[in-house]
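If you want our numbering, it's the 1-based position in the sequence shown plus 20.
Every residue, glycine too, gets a C-beta built ideally from N, C-alpha and C.
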Amino acid sequence: MKQYICGRCRKLMENRREMLAQAPLLHLLAKMSLPAMIGMFVMASYNVVDAIFIGWGVGPLGIAATSVAFPLQLFVGALSMWVAMGTASLSSRKLGAGLDDDAERALGNGFVMSTALGFATLAAGLFFLDSLIAMMGADERVADYARQYLGIVFLGNPLVIVGMLFNNTIRSEGNTRYAMYSMVLPAVLNVFLDPLFIFGFKMGMAGAAWATVIGQLVTLLWNLRYYLTGRRSLIALRVSRMPLRWAIDAEILGVGVSEFARQGALTVANTILMNQISHYGSALHIAAYAIMMKVSSIAVMPIFGIGQGMQPIVGYCYGAGLYGRARRAIEIALLSATVITVTGEIILLGFPHVFVRAFTDDAEVIRLTVWGVRILQSTFAIIGFQIVGTVTFQALGFAGPALFLSLSRQVIFFIPSLLILPRFFGVAGVFLSYPVADVCACCVTLALLIFYRGRFKRLERR
């Protein structure tokens with residue numbers, strides 16, 4: 021039996037390597053991206069459904085509370101993606117180079133670091149809960165709902181951080197379908213748990229939070245099953261591979277730091293944004309912004325799916341010395357992302373009322389949300405290019421350019437816009453900061469991609 025399983029694993033490994041190295045690129049990118057796109061879309065729907073039930077079960081202030089909680093959840097996500105993206109990139113490149121033992125060490129070290137981060141953020145989140153909520157600038161009515169929600173959601177930090185690690189490493193092996201299921205399962209579960217806890221058990225915000233934590237637990241158990249059974253995985257999660265090694269950890273954190281910087285900067289930006297909306301607007305503006313973000317997340321998640329589907333292809337081909345194939349995969353991914361975002365902008369700007377009315381029947385919140393969407397999403401067509409461009413450098417292991425691109429939009433363009441534009445345009449200036457930052461960041465991304473395209477061509481000639 022053991023010989024049969026080992027032989028089966030070797031055959032599976034050979035098939036996946038052949039697929040990554042030789043399959044037609046457009047077909048391969050679709051095969052790798054579609055499960056990730058579906059999974060990311062479902063994950064976004066998970067948050068949207070959560071907000072819809074909160075909107076009808078708690079009200080606009082409950083939706084506003086999720087917006088206050090969002091920057092803090094983003095920071096936890098930033099820490100998780102720091103280790104997850106770095107581990108996935110390193111593991112994928114080691115598999116491409118035929119260094120399976122090194123790929124397992126990357127997984128083991130990533131697991132230890134993710135577990136430590138999970139419990140550290142749990143303890144810090146609960147200890148500093150009131151201070152963190154006060155930092156968002158929300159009034160006491162919204163802060164009370166946010167306190168109920170985050171006090172429970174923080175309990176799931178170890179689950180979400182380790183679960184995110186496994187999701188990315190499973191995808192880096194080329195098994196995008198299994199990774200997709202790990203995102204679909206909790207989303208489907210949430211559709212049943214949210215109404216049960218919010219309406220059936222009358223738990224309000226606490227019910228939505230417990231539904232989220234249970235979904236995170238399901239994700240972790242599903243992903244653990246992948247590595248503990250060993251029937252599908254190319255590498256295994258072994259205790260012997262878990263002792264931390266500085267060379268491995270430094271590379272993981274060096275590559276993943278760009279994703280941490282991007283989401284960390286997004287956390288800082290959203291903290292400033294919450295304070296600016298509170299200063300220039302009202303609790304209803306915060307609720308409107310929360311709905312805007314939920315609606316736009318549905319449209320943008322397919323782009324992250326393309327990025328995640330592209331990552332193992334580009335990482336493997338670059339590690340295997342197939343530079344021309346890696347370059348062509350990047351070009352196809354960039355074009356595909358742009359087509360999707362152009363379509364998304366047409367839908368978002370043309371039919372915003374259709375989406376907004378699903379969250380609330382409050383006429384003023386609906387009016388403010390539709391007005392805000394048409395400002396905030398006016399440059400949605402170009403963000404796919406920027407997102408996939410950043411993921412490209414992560415997949416290649418180019419930590420410097422990836423870090424710069426991750427920081428450029430949030431730190432160099434978005435945060436200054438948030439601080440300057442509202443002084444002249446009021447709360448509208450908060451929303452105008454998004455298109456200003458998108459245009460500037462897209463220009464920087466284009467310049468870097470053109471520069472590194474020449475480098476790829478030189479490698480191909482060698």
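May I ask you to report which of helix, strand or coil DSSP gives residue i?
i	result
Met21	Because the pLDDT at Met21 is just 36, under 50, the model does not fix this residue reliably, and the value given afterwards should be weighed accordingly. Three-state DSSP puts Met21 in coil, outside helix and strand.
Arg197	helix
Gln42	helix
Gly116	helix
Gly341	coil
Phe371	coil
Arg429	helix
Phe476	helix
Ser398	coil
Leu254	coil
Pro322	helix
Gly227	helix
Val78	coil
Met105	helix
Met262	coil
For residue i versus residue j, is the C-beta spacing smaller than 8 Å?
i	j	result
Ala419	Val277	yes
Thr196	Met52	yes
Val315	Val211	no
Met294	Pro91	yes
Val96	Leu264	no
Pro55	Ala199	yes
Glu271	Leu110	yes
Leu179	Leu248	no
Met313	Met203	no
Pro332	Gly194	yes
Val162	Gln296	no
Gly138	Asn177	yes
Gly171	Leu149	yes
Leu185	Ser112	no
Ala108	Arg191	yes
Please report how far the alpha carbon of residue i lies from the alpha carbon of residue j, in whole angstroms.
i	j	result
Trp76	Leu49	39 Å
Ile323	Ala357	6 Å
Lys22	Leu94	A caution first: Lys22 carries a pLDDT of 39, below 50, which makes its placement in the model unreliable, though a value can still be read off. If you take the alpha carbons of Lys22 and Leu94, they lie about 43 Å apart.
Ile25	Glu34	Legend: pLDDT at Ile25 = 42, less than 50; position of this residue unreliable, no value from coordinates given.
Pro442	Ala457	14 Å
Glu384	Ile218	24 Å
Thr410	Ser426	7 Å
Ile432	Leu99	21 Å
Arg377	Ile386	7 Å
Val447	Asp122	51 Å
Leu127	Val233	24 Å
Phe471	Ala144	42 Å
Trp242	Val182	12 Å
Gly557	Ile83	An answer regarding residue 557 cannot be provided, because it is not within the stretch 21 to 482 covered by the chain.
Val390	Thr86	19 Å
Gly474	Thr412	15 Å
Arg429	Cys463	10 Å
Ile72	Phe379	5 Å
Ser398	Asp214	33 Å
Leu40	Tyr336	7 Å
Please list the terminal residues of the continuous alpha helix (DSSP H) segment that includes residue i.
i	result
Ser151	Leu149 to Met155
Gln406	Ile403 to Leu416
Phe280	Trp266 to Tyr300
Asp381	From DSSP, Asp381 is part of no alpha helix (DSSP H); its letter is neither H nor E.
Asp159	Unbroken run through Asp159: none, as it is neither H nor E.
Met184	Asn177 to Ser192
Met223	Note, Met223: premise wrong, no alpha helix (DSSP H); not H, not E.
Phe445	Ile435 to Phe445
Since residue i contacts residue j with CB under 8 Å, what's their CB separation in whole angstroms?
i	j	result
Met155	Thr291	6 Å
Gln414	Ala401	Between Ala401 and Gln414 the Cβ distance is about 23 Å, and since that is not below 8 Å, they are no contact.
Gly327	Val408	5 Å
Gly392	Tyr309	7 Å
Ile350	Val362	Not quite, the Cβ-Cβ distance comes to about 19 Å (not below 8 Å), so this is no contact.
Leu81	Ala231	Contact doesn't hold; Cβ gap of about 19 Å is too wide.
Ala166	Val88	4 Å
Ala346	Gln406	20 Å between Cβ atoms; not a contact.
Ala228	Ile74	5 Å
Ile360	Phe61	So it is not a contact: roughly 11 Å between Cβ atoms.
Ser298	Ile311	Not really, about 17 Å apart at Cβ, beyond 8 Å.
Gly339	Gly116	3 Å
Between residue i and chain D, is the shortest Cβ-Cβ distance under 8 Å, so that the two count as touching?
i	result
Met330	No chain D is part of this structure, which consists of one protein chain only.
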